[in-house]
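**Student:**
Residue numbers (full-length UniProt numbering): 1 to 465.
Given below as structure tokens:
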């Protein structure tokens, strides 16, 4: 027989057990919640970066705005090419709710309504499209006021130089070459022979820079001159005075760090990409700020591939290696490492600037005389595909990196111009460079999209304090 005291003790014991069980359940639930919270934050590193630091180039598509706005150039679609309508060379996503804005056409209309362009260009005639109530895409004209008083910097090879040249020609302005005696230029870091514009051994489709031809698939390339030599390894700029949009282009010879091209005419002591950022780009921007009052760049581009592939092809030719040799793991690891190093260098040099890495197109034809004593084989599509993948992995795959480096890399996005140009080998200006249409026009639209995102995200982050 159990007495009253035992019953009271048993009740207390049961209550204590129940309390312990409730505590255990709460502890387990709390642990699960913590795991879900942490995994949720780190499964979207760009969002996490935007919350913890000022990163204007955090991925727009993965932010909270993704449900309100798509990125048309990251969306599956097709590139329309026209033989008679310059403004028709545009990217069309398959998604009906995702539209690539006609920014370049709107910028031309806006700039020319304020001030007549310096030169005539491919969009000068006919002019009726600029007087229409709707843009060339059949939609209301885009507001491009965000492009005013902005600076964009480009560090890349001649493909990027040609795209900048085309943008300037479409806008009707000069693409200006800056020699070492230019007031904005740094002291000449020359080695040996003077740099006067290294010429390619290829012939442009046309050198008539003011052609009024309606065939927009025929490229126009400026003749060699101080007002814009597309074959020069010097720095160039493009200024749209009516809206004060400024593009500064710095040339490089790939990611090489062993001075493989140092013997080339025009080589300088500012050889590596990092040196060209420090000894050229920074100096140009400092003088532009001091002499012209220009603000810091909002958007920057990096790109490399053709000089790197040319070096490997040259090495293989000297070693009598098979022409169909695939890229080795060693070469791909080196390229990926160099892309990451250059990106980190640029991010540290300009921490508040949105940064894009641009993928490379496929130049199909062989070239003579530039890198080889005899004709070299055509560029390799499999090489370029691997190069593009390695470059994207360099800043997207950040597991195991130093936290500071991972944060900087998460702030970088890709510009997929090269991917969108795949299959457009017919529309090349020469053996390497894209034509103005569709390649140059497409790049202009994409650059303006990137600029709009950079300006919008910067303003949004500043408004949040």
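Ideal placement from N, C-alpha and C gives every residue a C-beta, glycine not left out.
Tell me, to the nearest whole angstrom, how far the beta carbon of residue 446 is from that of residue 417; I am working on the premise that it is less than 8 angstroms.
**Tutor:** Walking along the chain shown from the start, residue 446 turns up at place 446. Walking along the chain shown from the start, residue 417 turns up at place 417. The pair is a contact, with the Cβ atoms about 6 angstroms apart (cut-off 8 angstroms).
**Student:** Could you spell out the range, first to last residue, of the alpha helix (DSSP H) harbouring residue 131?
**Tutor:** Taking the chain shown and counting its residues from 1, the one referred to as residue 131 is at position 131. Taken as a continuous stretch (DSSP letters only), the alpha helix (DSSP H) holding residue 131 covers 128–131.
**Student:** Please state the DSSP three-state secondary structure of residue 436.
**Tutor:** Here residue 436 refers to the residue found at position 436 when the chain shown is read from its first residue. Note: residue 436 maps to helix in three-state DSSP.
**Student:** Three or more C-beta pairs closer than 8 angstroms, one from the region 264–277 and one from the region 169–176: is that the case here?
**Tutor:** no
**Student:** Please check the pair residue 281 and residue 455, which I expect to be a contact at CB under 8 angstroms, by giving their CB distance rounded to whole angstroms.
**Tutor:** Mapped onto the chain shown, residue 281 falls at position 281. Mapped onto the chain shown, residue 455 falls at position 455. With a Cβ gap of about 21 angstroms, residue 281 and residue 455 do not count as contacting.
**Student:** How about the region 422–439 and the region 148–165: do they share at least three Cβ pairs that are nearer than 8 angstroms?
**Tutor:** yes
**Student:** Please list the terminal residues of the continuous alpha helix (DSSP H) segment that includes residue 414.
**Tutor:** Counting from one through the chain shown, the residue named residue 414 turns up at place 414. Note, residue 414: premise wrong, no alpha helix (DSSP H); beta strand (DSSP E) at 412–415.
**Student:** Does the beta-carbon of residue 401, which I'm using as the reference point, lie nearer than 7 angstroms to any heavy atom of the ligand SAM?
**Tutor:** The ligand content of the structure shown is nil, which means the ligand SAM is not present either.
**Student:** Quick check: the region 127–141 against the region 81–95, are at least 3 beta-carbon pairs closer than 8 angstroms?
**Tutor:** yes
**Student:** Entirely within the region 235–302 and at least 3 residues each: give me those beta strand (DSSP E) ranges in chain order.
**Tutor:** 235–240, 245–251 and 299–302
**Student:** When the Cα of residue 468 is compared with those of 142, 389, 423 and 257, which residue comes out closest?
**Tutor:** Residue coverage of the chain in this structure runs from 1 to 465, which leaves residue 468 outside it and unanswerable.
**Student:** Quick one: give me the first and last residue of the beta strand (DSSP E) that residue 394 is part of.
**Tutor:** Walking along the chain shown from the start, residue 394 turns up at place 394. Unbroken run through residue 394 is the alpha helix (DSSP H), 381–396; no beta strand (DSSP E).
**Student:** In terms of residue numbering, what span does the alpha helix (DSSP H) encompassing residue 180 cover?
**Tutor:** Locating residue 180 in the chain shown gives position 180, counting from the first residue. Premise fails: residue 180 is in no alpha helix (DSSP H) and is neither H nor E.
**Student:** Which value, in whole angstroms, describes the spacing of the CA atoms of residue 110 and residue 313?
**Tutor:** Residue 110 sits at position 110 when you count from the first residue of the chain shown. Residue 313 sits at position 313 when you count from the first residue of the chain shown. Each residue's Cα considered, the two are about 46 angstroms apart.
**Student:** Taking the alpha helix (DSSP H) that residue 80 belongs to, which residues open and close that run?
**Tutor:** Locating residue 80 in the chain shown gives position 80, counting from the first residue. Segment: none, residue 80 is in no alpha helix (DSSP H) and carries neither H nor E.
**Student:** Quick check on residue 356: does DSSP put it in helix, strand or coil?
**Tutor:** Looking up residue 356 in the chain shown gives position 356. Of the three classes helix, strand and coil, the one that applies to residue 356 here is strand, per DSSP.
**Student:** Taking all protein chains shown into account, do 16 or more other C-beta atoms lie within 10 angstroms of the C-beta of residue 150, making it buried, or fewer, making it exposed?
**Tutor:** On the chain shown, position 150 is the one that residue 150 refers to. Looking at its Cβ environment, which holds 16 or more other Cβ atoms inside 10 Å, residue 150 is buried.
**Student:** Might you give, ordered along the chain, the residues of its own chain that have their beta carbon closer than 6 angstroms to the beta carbon of residue 237, omitting 5 neighbours on each side?
**Tutor:** Walking along the chain shown from the start, residue 237 turns up at place 237. The residues are 176 and 248.
**Student:** Relative to the C-alpha of residue 286, which candidate in 183, 383, 254 and 405 has its C-alpha closest?
**Tutor:** Numbered from 1 along the chain shown, position 286 holds the residue referred to as residue 286. For residue 286, the nearest C-alpha among the options comes from 183.
**Student:** Quick one: give me the first and last residue of the beta strand (DSSP E) that residue 151 is part of.
**Tutor:** The residue you call residue 151 lines up with position 151 of the chain shown. Per DSSP, residue 151 belongs to the beta strand (DSSP E) from 151–156.
**Student:** Which partner residues does residue 140 have in the DSSP bridge list?
**Tutor:** Within the chain shown, the letter at position 140 stands for residue 140. BP columns for residue 140 point to 134.
**Student:** Using a Cβ-Cβ cut-off of 8 angstroms (strictly less than) and excluding sequence neighbours within five positions of residue 70, which residues of its own chain qualify?
**Tutor:** Along the chain shown, one-based indexing puts residue 70 at 70. If we look at residue 70 and ignore the five residues flanking it on each side, its Cβ neighbours are 61, 93, 95, 97 and 98.
**Student:** May I have the straight-line CA-CA distance separating residue 104 from residue 451, to the nearest angstrom?
**Tutor:** The residue you call residue 104 lines up with position 104 of the chain shown. The residue you call residue 451 lines up with position 451 of the chain shown. Roughly 12 angstroms separates the two Cα atoms.
**Student:** Helix, strand or coil for residue 122, going by three-state DSSP, please let me know.
**Tutor:** Your numbering for residue 122 matches position 122 in the chain shown. Collapsing the DSSP output to three states places residue 122 in coil.
**Student:** Which first and last residues belong to the beta strand (DSSP E) in which residue 91 is found?
**Tutor:** The count along the chain shown starts at 1 and reaches residue 91 at position 91. 91–93 is the span of the beta strand (DSSP E), which, as asked, contains residue 91.
**Student:** For residue 350, which three-state DSSP category applies?
**Tutor:** Start at 1 with the first residue of the chain shown, and residue 350 comes out as number 350. Residue 350: coil per DSSP, three-state reduction.
**Student:** Of all the options 168, 74 and 144, which has the alpha carbon lying nearest to the alpha carbon of residue 120?
**Tutor:** Residue mapping note: residue 120 aligns to position 120 of the chain shown, counting from 1. Minimum Cα distance to residue 120 is reached at 168.
**Student:** Residue 91 and residue 122 look like a contact to me (Cβ under 8 angstroms); what is the Cβ gap, rounded to whole Å?
**Tutor:** As a first step, residue 91 must be located in the chain shown, where it is residue number 91. As a first step, residue 122 must be located in the chain shown, where it is residue number 122. Not a contact, Cβ separation roughly 19 angstroms.
**Student:** Under 7 angstroms Cβ to Cβ from residue 383, same chain only, skipping five residues before and after it: list those, please.
**Tutor:** For the purposes of this step, residue 383 is taken as residue 383 along the chain shown, with counting starting at 1. Cβ within range, chain order: 309 and 327.
**Student:** Are the CB atoms of residue 448 and residue 147 nearer to each other than 8 angstroms?
**Tutor:** Taking the first residue of the chain shown as 1, we reach residue 448 at position 448. Taking the first residue of the chain shown as 1, we reach residue 147 at position 147. Contact flag set, yes.
**Student:** Use the C-beta contact count for residue 83: other C-beta atoms within 10 angstroms, 16 or more gives buried, fewer gives exposed.
**Tutor:** The count along the chain shown starts at 1 and reaches residue 83 at position 83. So residue 83 counts as exposed.
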